[in-house]
Each structure stands twice: as structure tokens, then as C-alpha cells.
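> Sequential numbering of the sequence shown, starting at 17, is according to my numbering. Note that beta-carbon positions come from the ideal geometry of N, C-alpha and C, so glycine has one too. Since we're looking at a predicted model, the values are computed, not measured. Right, I'll just put the structure down here and ask away after.
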Amino acid sequence: MLSVSPLPRTYASLRRCNASTLTLLKSKAGKAAYLHHGRSLAADIDHENGEQTSAGAPPLTFPHEPNIDINSLSNTLDAHREANRTSLIRKVGQTGRSVRLRNDNLPVSDPSRTQNGKLWPSEVAASPKTRTWNESRKVELFSARSDRDTRGKSRRNQGKYREVTLLWQVKEDEEALSTRSRLPWMAFLPKPQDGTWISAVDRLSAEIRAFGEYSTPSEDEKRAAENALSEIIRTIQLADPNLDIDVIGSRASGFDDPLSDLDLNVTNPLSPRAMNKLKTPYEILRFLENAFRGKHRKIHLGACPVEVLLNVRHAKVPILICQHRRSGLPVQIQSTPRAFDNTEYVKAFHKEFPTLRPLFKVIKQILAMRGLNIGSHGGLTSYPLIIMIVAALKFSEGQIERMDAGKQLLYFLDMYTQVDFTSQGISTRPLRYFPKYLGNDDHRQKPLAAEKELAATSAIFEKELAGQRRMGVRDKGDLFLMTLQDPADPFNELGKSVYLIKDIQETLIGIRTKLKASMSEWEELQPQPGSSQGQYRTHSLLEPCISGDYRTYEQERNDLQLLGHEQVAPGKRLK
């Protein structure tokens, strides 16, 4: 039987796997606990801040009070503040361990299977100490509200390097964790040719492509997600056939992970038939909430495939947070005008830059494993990250071959660890750095000095330059924020909510240092002429960047694969 620890906040959040999306549940009181692929525990606050207790007396903590350090009042206060900010929920069994949500409709997973049907060699078989992940899954939980204190902390310090969060860390008693569980993308590396040796940059490019392939949904995973989307769309159409429904986000752009959210935009069209039924975005989401919950007076959907978790009514973009019952995939439904659809821009950029998707997958994983991609807590979400990568690829054109993902990743790290966002912003159209400075509203109407060099093309970029003038004039309190112009909407500033930008930059500095050290080590390993690199197949250059405990992630993918395989027509199933 499961017990639920009480929570200190009004709302607690529940996520399946992707930390970039909120899935929220109501609760009343309690303590901070585990996050899934997102943030570290409040018990790690003293470690993250770099504070040390005295060498003579080891830190003492209470086993049931991880936020108390009796040797440091400062540590204790910081930990409790963090716990109060982080609205979390934790399901624990009678043994006190986190309990994975079960789906009894699925058959027992086959641990020998990996993504796309690949089998792992016996030499990298699972460690004897491997937990039974069919019986224990950690779910990510976080606050329904933005972490306002994060903004103040980012303003006061110069940022700090973020270690891999607790739930991605390989525990000390699991140091013998198999390559399969720590470096799963290595199975997707092409087999090296005998007698050949490649440079560190080429090896890095190969690993980036391998991770992109590993994190791409398999056919079964795609089928499960597509069927879930179809069920949700049919349900909305049954509730109101006049509503327009569009799939948006990563599922539409092709940048989705196997466990990515199902994002939908629902609008009321301006058609004669719907003129007398026009609804505001708030009314549309409220209508769908009541219909899904079975509370609408006239509409009864029967067995609804969607479970409503929360209606975020008062956000800048109101969102209905749901979960697809059968697949467990998180669902976000919003209602906004489609005047600026960034999906088409992302698709166009992908055609222009073939390496964009694998680079995005690797950099996103770097951030996700360190809790730096949660938008509600000042992290960097997917679309701004894509535009950051696009800007780096554009700046490096002519210097780096378009298929050289290794050098492109290094350029990205160099660019965003060296840029000073207090004095300059970034635009992809026209491609340039534009100045930022303190001022007032009057300054936003005046051309910037740097625009003189663009005088010949100022008419072409009229909206873009006007947007840069507005973004370039800052208040003192937000001068540190990343200023990144949205190519889909020149007046939209993509970095205005990324309050953790200093932590992100400091983390990228650390990643760059570790990655370059790993590449230097690879070059030193180069054997004598005629030797093969096959013996170094499990030596990963990306290990210091994205290695960790992937068992939970693998299990959730396996569950989704099994569901998708069940949904294949019997005559089409592979024997």
C-alpha cells in the first residue's frame, strides 16, 4: 500500500519524464522529495552552494530530516527555504522507497530489449545490484508556480556550476553500473573499421549523432504517441466540433523525445457557423476542463482518455495540464492565436542545418540532467535553446563544415560561455550582436548607434531593428538576462524568463572544460599505426556531459514501446 507524504504548499506537481512540462496535482502540506530527471533534492543545497562543514566534525543530519544540518544554521535555513519553494509530492511504499507508478494493462517488460530492437552484448549486461525498475519508478514533481526567489538569487551572484541531479547520479554502491545503463547511446555508434583511428573531433561528432539516434522515438513509441494524440483530438471534437485543433511543440516540429509532452493549441475559428459561439481562451479551457471531468451539463464523453490535473488560468499563456490515461504521456492544451507559429521556423532551420536536431538533443540532455530546463523555475526551454543553437550555427558558417557536429558543439559552448548578456543581445535576422544599455521608454524609440552599419538594408529588417531597440534598453534589475530575439516574432524576447542564465553559463563553462579534457585524453590514447579503435569502443567523449543512471528512462521508454507494439494490427506485427 502506498502512503503519501504531506506537502507544505497548495499545489504539488507530478510529471512522467520530461522536465520541461508541468503536470500538476492538488495537495495540502508536506516535504520536498524526489524529482524525475529534473531538480536535485533540497538536501543537496549545502553541497551545491559549495559550503563545507568543519573538517574536525563531520556533518550530522537527521535521517528523516534531510533539511537539517546541526553544524550549520546557514545550511539549514537555505535548505528549508528551498523546500518551501519547491512544491513536491513523493509516493513511498512501506519500505520507505520511492514507488513507480504501475500500468497493469501492460505486459511485463523484457529487460533484454533496447530501443529499436537492438540487443546489448553480454559483456555489458546489467549489474547484479540493478534494482527491479518494473517495481519502482521515480516521478518528477515540482511547483505549480514560478520560483520567484530564483530571480533574486541569479541577480545577486555570478552563477554556479550545476552537478547532475540526484536521480541521474550513479550511486556510490552502483559504480559497476553497466555501460548499457550509463552510456546507452554507445550502442548506436557505427562499428569502427579495422586498422583505422579517428580524431577526437570526429569521434565527438559520431557520438553526437549516436545520441540523436538513441533519443529518437522508435516506431512503436511514435505509434503510441500518435494514437494518444488521435484519442485526445477526437475527444475535443466530440465536445465541440467547431473548435480548431493544432498539434504544436516538439511533436509537430520533429524534435520530440520518446516521452515528450503532447502539446495542442485549441482555438475558436472566425466562421459564420461559430460566430454565435465565440469563446475566449479562458472560456475554451474551462469548457474542456468541465467536459473532460464529466461536469458539463449537456456534454457527456463517457470514458474520457484524458485526466485533467490542473487548469493554469492566470498564467501569461493559460494551459490545461492533463495526462493521457493509457500511455501516461503528459498533455498540455493551450488556446492562443496562431499569428506567430514557430513550428514552421524550426522545420526550416532543420532543413538548413542537418546537425541541428542531434546537437539540440545533446545540449538539452546536458541541461535536463542538471535541472536547468524547467521553464517555470527560470530554466531554458526547448524553443529558445533551438534558436541559440541556430545562432551559433549561423555565426560559425564558413568556419566549420555543416556536418561537423563536434566542432559545432564546441563553438556553441565557446560562444555562450564568452558572451556578456549584460551588454549585448543576439539576433539571427539580421545575424548580429546588438547592444544593451540602461535607459527609459524614450530610448526605445531611437535608432541604436550600431544600426548605421545596416542602413542599406534597414528597410528589409525594419521590424527586427525596432524589436532590438525595444529589447536593448533595459532596467537595472534585468540587465543580466539573456536577450535573444525570436525570428518568428521580432518583438518577442526569448530569454526574458530564463532567470538561471548565469547558472547555465557557469555550467556550460564546466562542461566545456571537461569535454576538452576528455578529447585530449582520447588523442593520447591513439595507438600505434595499424591498430584499431575497437578496443576503445566504450570510451565515451560525452561521458562527462551526459552520462548517468538511465535505467528509469529506459524502463519508461520500454513501457511505451510495449504499448505501441500492442496497438499494431495483428496481421502487421513482426514475428
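(1) Please determine, among Gly488, Thr523, Lys492 and Glu522, the residue with the shortest C-alpha to C-alpha distance to Glu509.
(2) Do you know how far the Cα of Arg250 is from the Cα of Ile224?
(3) Taking the alpha carbon of Arg528 as the point to measure from, which residue in Asn243, Ile261 and Tyr427 has its own alpha carbon closest?
(4) Indicate whether Gly564 and Val180 have their beta-carbon atoms separated by less than 7 Å.
(5) Name the two residues that bound the continuous alpha helix (DSSP H) containing Arg592.
(6) Assuming the contact rule is C-beta atoms closer than 8 Å, Phe303 and Lys295 should be a hit. Round their C-beta distance to whole Å, please.
(7) Any idea what DSSP makes of His330, helix, strand or coil?
(8) Answer yes or no: do Leu524 and Leu220 have a C-beta to C-beta separation smaller than 7 Å?
(9) State the start and end residues of the unbroken beta strand (DSSP E) segment that holds Arg448.
(10) CA-CA distance, Phe411 and Thr195?
(11) Less than 7 Å between the beta carbons of Val263 and Ser351, yes or no?
(12) Quick check: what's the CA-CA separation for Ser392 versus Pro560?
(13) Quick one: what's got a C-beta closer than 6 Å to Gly422's C-beta in the same chain, skipping five residues either side?
(14) If contact is defined by three or more beta carbon pairs under 8 Å, each pair taking one atom from either stretch, is the stretch 337 to 352 in contact with the stretch 261 to 278?
(15) What is the DSSP secondary structure of Phe437, counted as helix, strand or coil?
(16) Measuring only the C-alpha atoms, how far is His316 from His330?
(17) Using only alpha-carbon positions, find the residue among Thr359, Arg445 and Ser439 that is nearest to Gly455.
(18) So, for Val324: in the same chain, excluding its five sequence neighbours on each side, which residues have a beta-carbon less than 6 Å away from its beta-carbon?
(19) Could you check which residue in Gly414, Ala240, Gln209 and Asn389 has the C-alpha nearest to that of Gly511?
(20) Quick check: what's the CA-CA separation for Gly265 versus Leu199?
(21) In its own chain, which residues sit with a C-beta less than 8 Å from the C-beta of Pro334, not counting the 5 before and 5 after it?
(22) State yes or no: is the C-beta of Glu242 nearer than 6 Å to some heavy atom of the ligand SAM?
(23) Taking the beta carbon of Glu572 as the centre, do at least 16 other beta carbons fall within 10 Å, making it buried, or is it exposed?
(24) What are the start and end residues of the beta strand (DSSP E) that includes Leu278?
(25) Quick check: the Cα distance between Asp505 and Lys377, rounded to an integer number of angstroms?
(26) First and last residue of the beta strand (DSSP E) that includes Ile525?
(27) Are Val580 and Ala240 closer than 7 Å when you measure CB to CB?
(28) Near Val362, which residues of its chain fall below 7 Å by C-beta distance, leaving aside the five closest residues on each side in sequence?
(29) Would you kindly work out how many angstroms separate the C-alpha atoms of Leu193 and Trp184, rounded to a whole number?
(30) Lys518 and Gly175 - do their beta-carbons sit closer together than 7 Å?
(31) Figure out for me which residue from Arg567, Val584, Gln583 and Asp575 has the closest Cα to the Cα of Ser197.
(32) Within its chain, find whatever has a CB closer than 6 Å to the CB of Leu57; leave out the 5 residues flanking it on each side and keep chain order.
(33) Evaluate Leu447 with the Cβ neighbour count: other Cβ atoms within 10 Å of its Cβ, from every protein chain shown; 16 or more gives buried, anything less gives exposed.
(34) Have a look at Thr371 and Arg418 and give me their C-alpha separation to the nearest angstrom.
(35) To the nearest angstrom, how far is it from the Cα of Lys367 to the Cα of Ala408?
(36) Where do the ends of the alpha helix (DSSP H) carrying His555 lie?
The structure says:
(1) Indexing the sequence shown from 1 puts residue 509 at position 493. Answer by Cα proximity: Gly488.
(2) The sequence position of residue 224 within the sequence shown is 208, counting from 1. The sequence position of residue 250 within the sequence shown is 234, counting from 1. Taking the straight line from one Cα to the other gives about 38 Å.
(3) Residue numbering aside, residue 528 sits at position 512 when the sequence shown is read from its first letter. For the residues Asn243, Ile261 and Tyr427, the minimum Cα distance to Arg528 belongs to Tyr427.
(4) Here residue 564 is taken as the residue at index 548 of the sequence shown, counted from 1. Here residue 180 is taken as the residue at index 164 of the sequence shown, counted from 1. The answer is yes: Cβ separation under 7 Å.
(5) This structure does not reach residue 592, given that the chain is present from 17 up to 591, and the question cannot be answered.
(6) Position 287 of the sequence shown, counting from 1, holds the residue named residue 303. Position 279 of the sequence shown, counting from 1, holds the residue named residue 295. Their Cβ separation, rounded to whole angstroms, is 7 Å, which keeps Phe303 and Lys295 in contact under 8 Å.
(7) Numbered from 1 along the sequence shown, position 314 holds the residue referred to as residue 330. Here His330 sits in coil by DSSP.
(8) On the sequence shown, residue 524 is found 508 positions in, with the first residue counted as 1. On the sequence shown, residue 220 is found 204 positions in, with the first residue counted as 1. For Leu524 and Leu220, no; Cβs fall outside 7 Å.
(9) Taking the first residue of the sequence shown as position 1, residue 448 is located at position 432. Here the beta strand (DSSP E) through Arg448 covers Leu447 to Pro451.
(10) Here residue 411 refers to the residue found at position 395 when the sequence shown is read from its first residue. Here residue 195 refers to the residue found at position 179 when the sequence shown is read from its first residue. Looking at the backbone, the Cα of Phe411 and that of Thr195 are separated by about 36 Å.
(11) Taking the sequence shown and counting its residues from 1, one reaches residue 263 at position 247. Taking the sequence shown and counting its residues from 1, one reaches residue 351 at position 335. Not closer than 7 Å, so no.
(12) Translated into positions along the sequence shown, residue 392 becomes position 376. Translated into positions along the sequence shown, residue 560 becomes position 544. Whole-angstrom Cα-Cα distance: 27 Å.
(13) Numbered from 1 along the sequence shown, position 406 holds the residue referred to as residue 422. Taken in chain order, the residues that qualify are Val217, Leu220 and Ser221.
(14) They touch, by the three-pair rule.
(15) Counting from one through the sequence shown, the residue named residue 437 turns up at place 421. It is coil, neither helix nor strand.
(16) Translated into positions along the sequence shown, residue 316 becomes position 300. Translated into positions along the sequence shown, residue 330 becomes position 314. Going by C-alpha positions, His316 is about 27 Å away from His330.
(17) What you label residue 455 is simply residue 439 of the sequence shown in a count that begins at 1. Minimum Cα distance to Gly455 is reached at Ser439.
(18) Walking along the sequence shown from the start, residue 324 turns up at place 308. Closer than 6 Å at the Cβ level, and outside the excluded window around Val324, lie Glu305, Phe308, Arg309 and Cys338.
(19) On the sequence shown, position 495 is the one that residue 511 refers to. Here the closest residue by C-alpha is Asn389.
(20) For the purposes of this step, residue 265 is taken as the residue at position 249 of the sequence shown. For the purposes of this step, residue 199 is taken as the residue at position 183 of the sequence shown. For Gly265 and Leu199, the distance between alpha carbons rounds to 28 Å.
(21) Position 318 of the sequence shown, counted from the first residue, corresponds to residue 334. These residues qualify, in order along the chain: Pro297, Tyr298, Leu301, Asn327, Val328, Gln350 and Ser351.
(22) You won't find the ligand SAM in this model; it holds no ligand whatsoever.
(23) The residue labelled residue 572 in the question sits at position 556 within the sequence shown. Counting Cβ neighbours within 10 Å, Glu572 comes out buried, since at least 16 surround it.
(24) Start at 1 with the first residue of the sequence shown, and residue 278 comes out as number 262. DSSP places Leu278 inside the beta strand (DSSP E), whose first and last residues are Leu278 to Thr283.
(25) If you number the sequence shown from 1, residue 505 lands on position 489. If you number the sequence shown from 1, residue 377 lands on position 361. Looking at the two C-alpha atoms, the distance is approximately 24 Å.
(26) As a first step, residue 525 must be located in the sequence shown, where it is residue number 509. Taken as a continuous stretch (DSSP letters only), Ile525 belongs to no beta strand (DSSP E), being part of the alpha helix (DSSP H) at Ile517 to Glu540.
(27) As a position in the sequence shown, residue 580 is number 564, starting the count at 1. As a position in the sequence shown, residue 240 is number 224, starting the count at 1. The sequence given here places Gly at residue 580; Val does not occur at that position. Taking 7 Å as the Cβ cut-off, Gly580 and Ala240 qualify as a contacting pair.
(28) Locating residue 362 in the sequence shown gives position 346, where the first residue counts as 1. For Val362, same chain residues with a beta-carbon under 7 Å away, outside a window of 5 residues either side, are Ser269, Phe271 and Ile402 in chain order.
(29) By one-based count along the sequence shown, residue 193 stands at place 177. By one-based count along the sequence shown, residue 184 stands at place 168. Taking the straight line joining both Cα atoms gives about 13 Å.
(30) Numbered from 1 along the sequence shown, position 159 holds the residue referred to as residue 175. Numbered from 1 along the sequence shown, position 502 holds the residue referred to as residue 518. Contact flag set, yes.
(31) Walking along the sequence shown from the start, residue 197 turns up at place 181. Of Arg567, Val584, Gln583 and Asp575, the residue nearest in Cα terms is Arg567.
(32) Numbered from 1 along the sequence shown, position 41 holds the residue referred to as residue 57. Only weak support exists for where Leu57 lies, its pLDDT of 30 falling under 50; the coordinates are left without a value.
(33) Locating residue 447 in the sequence shown gives position 431, counting from the first residue. So Leu447 counts as exposed.
(34) Residue 371 sits at position 355 when you count from the first residue of the sequence shown. Residue 418 sits at position 402 when you count from the first residue of the sequence shown. Straight-line Cα distance between these residues: approximately 7 Å.
(35) By one-based count along the sequence shown, residue 367 stands at place 351. By one-based count along the sequence shown, residue 408 stands at place 392. In a straight line, the C-alpha of Lys367 is about 16 Å away from that of Ala408.
(36) Within the sequence shown, numbered from 1, the residue matching residue 555 stands at position 539. Counting along the chain, His555 falls outside any alpha helix (DSSP H), and DSSP gives it neither H nor E.
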